[in-house]
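To start, the structure itself, in structure tokens.
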Amino acid sequence: MTPQVSAATNAVDAARERLALRMFRNWSCPDYDQILRLTRMLADGLDDAPAAGSKLAESMAQEGASPTGTDARSDRRTMKVIYDSHIQT
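Following numbering that gives the first Met the number 0, the numbering of the sequence shown begins with 0 at its first residue and continues without gaps.
Here it is, written out as structure tokens:
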């Protein structure tokens with residue numbers, strides 16, 4: 000990594016930290032811990048395809064959604080199917 004790239008990366012990291020500190024400054028520790036836990040669950044689940052034969056997998060197949068979609072329309076369709084599936088259960 001060049002010194003210029005390193006400096007740019009450091010500047011972006013510092014800006015993210017300042018933004019996060021402002022956003023979360025009034026949050027309680029339990030609320031902050033919960034958002035971290037839920038964000039981790041979301042990130043971990045992004046790589047997972049639904050179990051074959053599951054209600055979610057069937058709904059996604061019917062809607063043409065893909066757990067590994069690469070375009071924004073596919074991502075929105077996938078999130079809608081996941082949301083609808085969750086609401087119906």
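Virtual Cβ for every residue (Gly too), placed ideally from N, Cα, C.
Secondary structure of residue i, DSSP reduced to three states
i	result
ILE49	Note that residue 49 corresponds to Pro in the displayed sequence, not to Ile. It is coil, neither helix nor strand.
MET0	coil
ASN9	helix
SER27	coil
Contact set for residue i: own chain, Cβ-Cβ below 6 Å, skip 5 residues either direction
i	result
SER5	none
ALA42	none
Any non-hydrogen atom of the ligand COA closer than 6 Å to residue i Cβ
i	result
THR1	Judged by which ligands are present, the structure shown has none, so any question about the ligand COA falls away.
Sequence-distant residues of the same chain with beta carbon closer than 7 Å to residue i, five excluded per side
i	result
PRO49	LEU55, ALA56, MET59, PRO66
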